[in-house]
Structures are given as structure tokens and as C-alpha cells.
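The structure appears below as C-alpha cells.
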Amino acid sequence: MPYNMKEVIANKPSRFAEGHRMCAGCGAPIVARHILRALKEEDHAVIACATGCMEVSTFTYPYTAWTDSFIHTAFECAGATLSGVEAAYKSLKKQGKLPEDEHTKFIAFGGDGGTYDIGLQSLSGAMERGHDMVYVCYDNGAYMNTGIQRSSATPRFADTTTSPAGSVIPGKMQSRKDLTQILANHHIPYAAQSIAFGDFKDLYEKAEKAIYTEGPTFLNVLSPCPRGWGYNTEDLMEINKLAVQTCYWPLYEVVDGKYKITFKPAKKLPIEEFLKPQKRFRHMFKPGNEWMIEEFQKEVDRRYQELLDLEEMTNKE
Amino acid sequence: MSIRERLSGNEAAATAMKQINPDVVAAFPITPSTEIPQYFSTFVANGAVDTEFVAVESEHSAMSACIGAEAAGARAMTATSANGLSLMWEMIYIASSLRLPIVLSLVNRAVSGPLNIHNDHSDAMGVRDSGWLMLFSENNQEAYDNLLMAHKIAENKEVLLPLMVCQDGFITSHSIENIMLEEDSEVKNFVGKYEPEHYLLNKKEPISVGPLDLQAYLFEHKAQQAEAMKKAKDVILKVSKEFGDWTGRYYGLFEEYKLDDAELAIVCMNSTAGTTKFVVDKLRNQGIKAGLLKVRVYRPFPAEEIAKALSHVKAVAVLDKSDSLNGAGGALFTDVTSGMYVNNIHVPTINYVYGIGGRDVPALQIESVYNDLSKIVETGNLGNPYRYLGLKTKEVM
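Listed in order, the protein sequences are those of chains F and W.
Numbering follows numbering that gives the first Met the number 0, in which position 103 of the first sequence is assigned residue number 102; successive positions increment by one, without gaps.
Numbering follows numbering that gives the first Met the number 0, in which position 373 of the second sequence is assigned residue number 372; successive positions increment by one, without gaps.
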């Protein structure tokens, strides 16, 4: 059904209140607010959050930015915590202890630290067990809450406080883990990669599918961090756009095993366009370091080609 | 009408859980508590309970899921041992700070390392300051009874703290003993319905749980936990009285066995109390005034009551089935002696670390403790207050 995203944004009340303490220019609150907007207005939601920027900035006692029910326990267990909530819902519903006509949806948020790294086991377990929940990773590519330490989501060569660009070692030397593929290979009904981009429809529609597909679903949303990445706060949306148009962060979804790339740039921009406005890649532009940009480009190309191949392969009749 | 049965400690715990019929059980297998989730998943598979069983991928997730479930408004239970509890440790503190009356069946086992699967109390002692209520059980009957009382205590509005029921791994968990079970319907009646005041699944009142709690409030929140722990003592006594009136089996904060007129006393917990009772009887036949104080409620710690109960004896030995490795004495010893000191009761008291890693504790060993106490009374010389019982000497090794 055709709809106007601007009208949805204007007319659907936000379930994520203003007054939280996230930084200006941070991608994460936009992601949270927009994903919650995909909930049906009449539905209740329980949101779980891993320890991280989003948790500490939105729920500092006695204030909360969450208008739905919300639970935070620890860093590595948003998946397990929410599976307990969902199991309680199933059990109480089955026993007639909750109103029959009320519906509750379950959404977890974790940064890349709480998702790719310390929380991977808990997430994997929750997905394998088939709980009816969405896990959203807001991936900002490092442990930003503790002060920009490398994670397994940090791109190669990025300068972080535990992979500093030094005179001998030029930043992080390892490639980024591909979490969306790992989750797709859990054979869950829905896994997708998105970003707050353009008219925001990509994120909205994927959130809606993830929330209202029965069973475990996963969204990986790139969520820039002005402090960690080193861009001007007002450039957030530009950075998001460049991540997509350079194919650094391809937008795609995997529905019951079938891959679909949801945005294919008409003209793929060179990776420098994405790297250049970010201080974490500044050393790559020093004379003599051209090889780093070349390597980076090669990896982006290879990964994008893999996706194109997967799309072709999984859609064969 | 009570039903006479023969069950192992694990079967007794699983039976209690079946009769409690919790909304959610999340558990991960670990020896020697593995049988509890095994038996329980059979109840689930056969429709004997309404429970959602969450077969989590670790104990950390087991406690996380229990926290989620309990906060959601459900009754959640789990079982574990040793390293399982160690892996839960982070979440154990979070469960009590969120004031969630989760009930855990802890089958005590030595915490690694090195790896050992047998009984001691090092797992329980590792969480003794975590804000959980802790009940210890001498045998399968007490493991069963303590679990039946658990929710009524933990869910009391004055308390709202999680509770663990301890029993000795293998010694109790895997030994089949006679037991009196209560009727399902009567258990259901006694345990009652869980009606939380605030919970995540209440659409009419959305809540946020588990904040960042900084300098302005954390101190007060911790003091509230401590207050609840203090109040729990009376609630435990009240629930235990109701339980006694129902079943005929009465429990207090601790059990005094021939302690009234005793001159020599042993303080211990769990299955060792059974062996000690046997030794007390034997010594009494020889005219030796031996007695026992068996701690049932370890948290909250009944410091004053224990100190008073021991005030008339001539010497006390506190047996710790876990070494605190602090060069000064085990945890139970430190608790008992500090309780005596602040209550101005001064009885010569020594400590034995014993039974580590499942080392057998025969009656003769317990008897040797009473002999040692006797010598202390005779000579007036306490000697080394921090001793080992049943430790091999270099010559033997």
C-alpha cells in the first residue's frame, strides 16, 4: 500500500521521548525512535537493552526515555534477558493470566560491543531457541561508551583507542566480522541490514517486517558515532548516505533464506568518499598509504560481489 | 494427607518445582544438579506443568532469562551448581538489586579449580554477600520443604528478594531417602498466586527496569536491600510456622540438637548435620554433653540468635565446607564469631575447614572434633583456631 513516510513520522506519536542524553549527531537515537515507530499503535512493547551508550543515556535513574516497558540487566545478555520476558509472555498468555486482546512485541537493542562481541552467545542462543523477538544491533563500529575501543565490527585500518594508528601499526589490522551473515546463517525467518537513509523507508519497512514476522528476527543498523568516527555532528545523514552509496554498508534482507539487496546505487562511489570525512581514517590519506585505501576498496568490492552472488543464487527458480 | 515416598534430593527438588508449577524455568545442565532440569523438562513434555522451559545456552543466560521472566510478571525458577553459579555471578547481584523473587535450587559443589564435581560449599559461599536469601538443607526432606516455603518468603512485600535453597551435591542430591510429600492441591494452596505489583507485561503501566543508578541514589537502593534482608528473618519464621502447622514439620532459623544442656557444640550446615547428630547421640550415651547447632537460614544471618544459643556452652567448633583462603578462617566461622563478639558472648571457638572437593566426612572425624573441644575445655588452651579436618598429612601423600 502506498504511503508517505513524512506523514507517518508526523502522525505516529514517538515512543522514544525527547530529553535523553545521547550526543548530538549520534545515529543511535534516530534508529531507536524510527524502529519503534514501526510498532502498531495499539501494541505494547517490551524493550531490552544491552549496557552501552543507548542504555546509560536513556535510563538514568529516575528518568526514562522509554514510553513502553524497558529492561536493562547487563552488557552481554540482552538476548537472554528478552528471551525470559518473551517466555513469560507465552506462559502467562497460555494460562490466561494476561488479557487475550492485548499484544506485546519484544525488541532488543545492543551496540556492536554488546552484540558482535560480548553478547554474541546470548544472541545466538535466543535466535536458535526461536523466541518471537527482534534483536537490533546499532552498529557504530567500536566500544564507544567506554571511549572508542576496537570491536570486531571496527573496519580495517580504523584508528581507535585500542587499535591506534601508530608509526609501526597503522590502526586496526583485522577485517570486520560479518554479523548479518552470521545471523542469516542461523536460518531465522528474517535478517536484514539497514541504515537511516533517504526517506527512511528502508529502515521503517525492515523494522515492520522484523517486528511482525513471527519468530526470531535480526536487524543490523549502521549507526555512526561523531566522537568515534570523527565527523561534524551535522554531517550524520551525509555519512549514512555515503556508507550506502559506496557499498560499504549494503542494504539487504534475507527472508526465509532468500537474499534481496534493497538498494543498489546507480553509481557506486569510490570508498574514499566515505573514508575522507572521518578522522578515524585520516592516516590512510597520508602520502605512502595509498595501499590502504586500495585494500579497503578491494574488500568492499569483494563483499558486495558476494552479496550479489548470494542474491542470484538464492533466488533461482 | 502427606504421602510417603522414596526420592533422591534432586527428585525431591524437581517434585517441589512441579507442584509449585512456575511460569518459567530457564536452566543449563551442570553436575550434580543436571537431573533437576532433566526431570522438569519431562514434566513439561508430558503437560504436567504450565511452565515455559527455556533451554538456555549457559548459566549466565539462565539467570538473565529468569530475571527477564520475573520482571515480566512471571514466577521463574532455575537450578545450578558450582561453576554454573560462578558464571551467573554477575546476574545474581542484578537479580537481587532488581528485587526479583526468583527461586534457585543450588546443589552444592566445589567451584573450580582444579575441576572437581563433588560436594563442598564454595559455590554458595561465593554469593553469600549478593543479597540472596539462602536456606540450607540437611536432607532431601528439607530440600523439598525449603522449596515449598521459598516463594512465600521471597515474594512477601516486605522482602522481595531472590532465594536459593542449598543441598549437598551427591550426598543429598543423588541419595535416595524416605520423604514425606504433600498433596499437589495443598501445595498450590500454600504457595499461592504470584501477584506482582509492577511488571513489564502490564500494558496499563509500562515500567523501566534496571537503570544507570549513580551517586545520588545507589546508596539508598542498597540500603533498601539490606533493610529487606533484615525484615526477611521474621517473614521466614512466620512462613515456617504456617508450614509446620500444615505439615507437622517445624523449622526455625537454625536447629538446636541436644544443645540445651550441651557443653561442647558443633556448628555446621547441610548433610554434615546428619552425621553430627549420630555422633552427638553416641557421645551422649558415653555421658559427654555434646550438642549441635545446624544453620538453616544462612542469609539473612541470625547472628544474635546463634550467639545467644551458644552462650552457655564451654567450647564451639564451627565447620566450614569451604575455605575462604584468607588466612583467618572460613565464612561461617567468621559470621558466628563476629555475632558472638558484638553480642558480648565469649565462648572459646575454633574453626575447621573440612570435606573440600567431596572428601568424605566419617563419624569418627566429627567425633575427633568433640575430643578436641573437650581438650580445650580441660586445658583452657585454644591453640590454633583455624584448623583442617580430614586433610592428608605429607607422610600419607
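In this text, a Cβ means the ideal position worked out from N, Cα and C, and glycines have one as well.
This structure is a prediction, so every number in the text was calculated from the model and none was measured.
Neighbour flag for E89/W against chain F, beta carbons, 8 Å: yes
Whole-angstrom distance between I70/F and D100/F, CA atom to CA atom: 23 Å
Length of the line joining the Cα atoms of L324/W and W228/F: 47 Å
Where the segment 38 to 56 of chain W meets chain F: residues whose CB sits under 8 Å from a CB there: D49, T50, E51, V53, A54, V55 and E56
K92/F (DSSP reduced to helix, strand or coil): helix
Bounding residues of the alpha helix (DSSP H) (the contiguous stretch that carries G338/W): A330 to V341
C-alpha distance - G329/W paired with G140/F, whole-angstrom precision: 47 Å
Own chain residues within Cβ distance below 7 Å of T80/F, not counting five before or after: A47, I70 and T72
Residue interval of the beta strand (DSSP E) (run including H71/F): S68 to H71
N- and C-terminal bounds of the beta strand (DSSP E) containing R149/F: Careful: R149/F lies outside any beta strand (DSSP E) and carries neither H nor E.
Segment contact flag, the segment 109 to 123 of chain F with the segment 209 to 217 of chain W, C-beta cutoff 8 Å, min 3 pairs: no
Start and end residues, beta strand (DSSP E) containing I194/F: Y189 to I194
Assigned secondary structure, R226/F (DSSP; H/G/I helix, E/B strand, else coil): helix
Where the segment 191 to 211 of chain W meets chain F: residues whose CB sits under 7 Å from a CB there: L199, L200, K202, P205, I206, S207, V208, G209, P210 and L211
Residues of its chain near N82/W, where Cβ-Cβ distance is below 7 Å and the 5 sequence neighbours each way are ignored: I29, V110 and S111
M291/F, DSSP secondary structure in three states: helix
Span of the alpha helix (DSSP H), counted from its first residue to its last, around D371/W: A362 to T378
Reduced DSSP secondary structure (H/G/I, E/B, other) of F253/W: strand
Against chain W: residues of the segment 168 to 185 of chain F by CB proximity under 7 Å: none
Distance between M87/W and D201/F (C-alpha atoms, nearest Å): 39 Å
Beta bridge counterpart(s) of C65/W as assigned by DSSP: DSSP, once it has assigned bridges, lists no residue as partnering C65/W.
Cut-off 8 Å between Cβ atoms - residues of its own chain near T274/W, not counting five sequence neighbours on either side: V360, P361, A362 and I365
Opening and closing residue of the beta strand (DSSP E) in which K297/W lies: First, the residue type needs correcting, since residue 297/W is Tyr and not Lys in the sequence shown. Element bounds for Y297/W: V296 to R298.
Within 8 Å, strictly: CB atoms of I194/F and V220/F: yes
I70/F: contacting residues in chain W (beta-carbon distance under 7 Å): G67, A70, L199, V208 and G209
Cross-strand partners of N177/W (DSSP beta bridge): R5/W
R298/W burial status per 10 Å Cβ neighbour count (16 or more: buried): buried
Chain W contact residues for F15/F, given Cβ-Cβ distances below 8 Å: Per Cβ cutoff of 8 Å: no residues; F15/F is ~12 Å from chain W at best.
Contact the segment 31 to 38 of chain F vs the segment 206 to 214 of chain F: 3+ CB pairs below 8 Å: yes
Chain-ordered neighbours of W65/F on chain W, where CB pairs are closer than 8 Å: P205 and S207
Any beta strand (DSSP E) of 3 or more consecutive residues that is wholly inside the segment 260 to 300 of chain W: 263 to 267, 289 to 294 and 296 to 298
For E241/W, the first and last residue of its enclosing alpha helix (DSSP H): L217 to T246
Below-8 Å beta-carbon distance, Y60/F vs any chain W residue: yes
Cβ-based contacts, 7 Å cut-off: residues of the segment 179 to 191 of chain W near chain C: The structure shown contains no chain C; the protein chains it does contain are F and W.
Interface flag, C76/F vs chain W, CB-CB below 8 Å: yes
Within-8 Å CB hit, T103/F to chain W: yes
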